[in-house]
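Have a look at the structure below, then the notes.
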Amino acid sequence: MAAARADDPAAPPAPAAVRAAAAALLEENWAGHHTARARGAYPDQWGWDSALVAVGLRHVAPDRAQTELESLLAGQWEDGRLPQLVFEPGHEAEAAPGDAFWRSRGVPGSAELPTSGLVTPPVHAAAALLVHLAAPALSRERGFLPRAYPRLLAWHRYLAARRDHRGAGLASIVHPWESATAGSPLWDEALADVPAAGPGLPAPDAVRVGDPEPGTPTEVARALWLAGRYRDTGYDDAAAHPFVVEDPAFNALWAVSELALAEMAVELGRDPAPHRALAGRITTALEGLYLPELGVYGAHDVARDRLVRRPTVNGLVPLLLPDLEHADDLVATVRGPGFLGGGALVVPSYDLRAPDVDLATSWRGPGWFTMNWLVVTGLHEHLEGPLADGVAEQLLALAVRHDFPEHVDPMTGDPHAVRGVSATAAVVLDLAAAPHPR
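Position in the sequence shown counted from 1, then plus 23, gives you the numbering used here.
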């Protein structure tokens, strides 16, 4: 077989070319103090995307990476919650549901900036630590960690105090949009009894929540009803909510970010022990979600007190944790027929053998660059370098070939959804630039 040429579409792109293309897209999408979600997108700041963008930016513009995170932290509420969405002043009406729906500034203790009332997976402290370590002299000169650490600490305290609905040591989400995997099969059962209509709600076909495929009209209507109900309680986490779910990915990222806070504490001359202890407790509590028959971590539907037994990519994200009891089992699952062993180029979002898998629909099969990045990082954490590098090579090639799409068909690599996605560019930039393990 002839060796692939550098200009062959089937050949992996040179890392320098990947870095240049990804950095150029992040520069194109820069909105002055944060990065727009995608090329041509409205300039509101998405909490999940911005954290990942900062991880990528640290390789090419660490000052902008710091600004990205600090802009998001400016939207933090007094109770510590870090919102899923911060609206850009003057553009509040461009998102749907927008500021007029969330009405955050009418809630005591909310941010001065208009925001949604939902939260987002707590990857922010982990991102902040990586940003600091990329340019520690610049970080110290600008006082980045002394400003960021107290806010990130308040964010984690909010999760511990307000979101541990079951008292099991895990944080719950009260809306599927808080997971960053809104259309995942993990939420189907919890959403089944949620009303699909209500007075004063936007039309489902008008919704733009950052995902060009927010779901079927019924799924979107239920999501709007939940959001409106949470808003009408004044975003009270103690109220009875019909959707309360412990997501394995959300909690794994919380534990990883607690470990990051521990390293920040050392840098700032504070005690890291409480952070390490909490990370250990979260890791231990996650074992209650493990599904041995599926080889993944499931979710816990707190409102109905039952495990959700769906083999999704969310259940592989705990690979990020260094002391995970079932790490070897997760690696076997990644290698197995439901994921990479089924012929996939990248990690699908849902087990390929599931009867309702759909390789073209959002979180029901496609391979997402962001979640693949988390799995690749977790594989490196557990010294599975060759497996991780094989996935990373595919991600780099597909991202550049298809102009940084949101997700792809995991079997063919065909792109789905919008192009020019900042988070895709950021995680690809990290994969192309960062040595592993790290």
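Cβ atoms here follow ideal geometry from the backbone N, Cα and C, with glycine treated the same way.
Quick caveat, the model's predicted, so the values are computed rather than measured.
Whole-angstrom distance between residue j and residue i, CA atom to CA atom
i	j	result
D31	L368	Residue placement at D31 is poorly supported in this model, since its pLDDT is 45, which falls under 50; the coordinates still yield a value, given next. Cα-Cα distance, rounded: 18 Å.
P85	P389	31 Å
P145	L382	27 Å
G55	A46	16 Å
L347	L317	17 Å
G129	A44	42 Å
H439	Y373	16 Å
V289	L175	15 Å
P137	G121	9 Å
G443	R42	14 Å
E429	L421	11 Å
H298	M394	25 Å
H179	G190	16 Å
D404	A40	Looking at the sequence provided, one finds Glu at residue 404 rather than Asp. Whole-angstrom Cα-Cα distance: 26 Å.
A148	L284	6 Å
W125	G365	42 Å
V197	A37	43 Å
A29	P35	Summary for A29: the model assigns pLDDT 39, below 50, so the residue's position carries little reliability; its value from the coordinates is reported in the next sentence. Rounded to the nearest angstrom, the two C-alpha atoms are 8 Å apart.
L418	A61	18 Å
Y65	A59	7 Å
A27	P409	In this prediction, A27 scores a pLDDT of 40, lower than 50, which makes its location untrustworthy; no coordinate-derived value is stated.
A177	V451	30 Å
L342	V398	7 Å
G79	D351	28 Å
T447	E51	14 Å
V431	L152	30 Å
D412	Y258	42 Å
D328	G63	43 Å
V441	R424	14 Å
A246	T400	31 Å
A160	T241	51 Å
S162	H155	6 Å
A205	Q107	12 Å
8 Å contact criterion, which residue i and residue j should meet: CB distance rounded
i	j	result
S445	L49	6 Å
A302	E286	About 11 Å; that fails the 8 Å criterion.
L339	H323	So it is not a contact: roughly 17 Å between Cβ atoms.
V331	L209	5 Å
P169	L291	6 Å
A219	W248	7 Å
L75	A449	5 Å
A326	F266	7 Å
R165	Q89	6 Å
G140	R254	6 Å
N9	S207	In the structure as shown, the chain starts at 24 and stops at 461, and residue 9 therefore has no counterpart that could be examined.
A157	H82	7 Å
T256	A262	4 Å
Of the listed residues the options, nearest to residue i (C-alpha basis)
i	options	result
A377	T138, P360, A278 and R185	P360
E407	L353, L247 and A220	L353
A150	S207, G129 and S73	S73
R333	E290, F273 and D211	D211
P112	L156, R329, H264 and A123	A123
S127	H56, V146 and E101	E101
D270	E316, E201, Q68 and P409	E201
P433	F273, W386 and A37	W386
E416	W71, L363, A455 and G401	A455
V243	Y253, D259 and V217	V217
G70	W396, A278, H57 and L80	H57
L402	H349, V431, L452 and V423	H349
G490	Y320, A203, A64 and E135	Look at the range of the chain in this structure, 24 to 461, and you will see that residue 490 is not part of it.
R185	D67, T400, I305 and G103	G103
I305	L418, V423 and L344	L344
W1	V78, E91 and H82	Missing from the structure shown is residue 1; the chain here goes from 24 to 461 and no further.
V109	V142, T356 and S207	V142
T335	R329, A308, D328 and L363	L363
P371	D294, L314 and D437	D437
P199	T307, V154 and A272	A272
G321	Y172, V268 and A183	V268
L309	A278, A300 and R252	A278
DSSP beta-bridge partners of residue i
i	result
P106	V142
G390	V431
T241	In DSSP, T241 forms no bridge with anything.
R329	D324
W69	L108
W53	T58
V444	A61
T335	Y373
Contact test: residue i Cβ vs the ligand GDP heavy atom, cutoff 7 Å
i	result
R252	The ligand GDP is not part of the structure shown, which contains no ligands of any sort.
is_contact[residue i, chain D] using C-beta, thresh 8 Å
i	result
D72	Given the protein chain composition of this structure (a single chain), no chain D is represented.
Unbroken stretches of the alpha helix (DSSP H), 4 residues or longer, contained in the stretch 169-224: 211-214
Those runs of the alpha helix (DSSP H) which lie wholly inside the stretch 261-320 and span at least 4 residues: 271-290 and 296-309
Whole beta strand (DSSP E) elements within the stretch 345-391, 3-residue minimum: none
4-residue-minimum alpha helix (DSSP H) runs that sit fully inside the stretch 71-98, ordered along the chain: 85-96
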